[in-house]
Amino acid sequence: MTTLRDLLGEHPKIVHVTPDVTVRAAAKAMAGDNVGCVVILEQGRLMGLFTERDILKRVLLKDLNTDEVRVEQVMTRQIITGRAEQTADEGREIVRSHHIRHLPVVAVDGGLLGVLSLRDLLQDEAEEARRTVEEVHRFLHGEVFEGPR
Numbered sequence: 116m117t118t119l120r121d122l123l124g125e126h127p128k129i130v131h132v133t134p135d136v137t138v139r140a141a142a143k144a145m146a147g148d149n150v151g152c153v154v155i156l157e158q159g160r161l162m163g164l165f166t167e168r169d170i171l172k173r174v175l176l177k178d179l180n181t182d183e184v185r186v187e188q189v190m191t192r193q194i195i196t197g198r199a200e201q202t203a204d205e206g207r208e209i210v211r212s213h214h215i216r217h218l219p220v221v222a223v224d225g226g227l228l229g230v231l232s233l234r235d236l237l238q239d240e241a242e243e244a245r246r247t248v249e250e251v252h253r254f255l256h257g258e259v260f261e262g263p264r
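All letters in the sequence shown, in the order written, are residues 116 to 264 by our numbering.
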């Protein structure tokens, strides 16, 4: 079974900012790295997430000035995380049940390993489905069945 750690890869990039940066600076960090959220870290501790959705709902819809508002004022503080050893299926269930789009993945010691997006989790699910279809096709055409990987 694929784990959340597997989905992160060997060297996951964590795009992060500190709580005191402006919303504009955080948005530039997201755009610069082509990601939908930044992790808010203070002295290495996970303090929150700041997402594209936060920008829309908590900043733009309230007509707040992106050059004046600090991320700590509008970030998501209640963070739902996944554990590295959990399966991709469990990660997808966490995302679905909590209606979130970004899942920080933590190690046993609580350290942040990376962030998986809903897209990452769905791409894995699609790849798993593709492999299943391929196995069924091979079985139906008399090829040797290798069993689950």
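Quick reminder that beta carbons are idealized off the backbone N, C-alpha and C, glycines included. Note that the structure is predicted; figures quoted are calculated from it, not measured.
CA nearest to the CA of residue i, picked from the options
i: Arg168; options: Ile215, His131, Gln193; result: Ile215
i: Met162; options: Val132, Asp148, Leu171, Asp178; result: Val132
i: Asp224; options: Lys177, Met116, Arg198; result: Arg198
i: Arg160; options: Ala141, Pro134, Glu183, Ala140; result: Pro134
Coarse secondary structure for residue i, derived from DSSP in three states
i: Val136; result: coil
i: Ile209; result: helix
i: Ile155; result: strand
i: His252; result: helix
i: Thr117; result: coil
i: Gly147; result: helix
Proximity of residue i and residue j at Cβ, strictly below 8 Å
i: Arg173; j: Val189; result: yes
i: Cys152; j: Leu171; result: no
i: Leu123; j: Leu233; result: no
Proximity test, residue i beta-carbon vs the ligand NAD heavy atom, cut-off 7 Å
i: Asp148; result: As for the ligand NAD, it is missing from this structure, which has no ligand bound.
Taking only runs that begin and end inside the region 172-216, name each unbroken alpha helix (DSSP H) of 4 or more residues, in chain order. 186-189, 203-213
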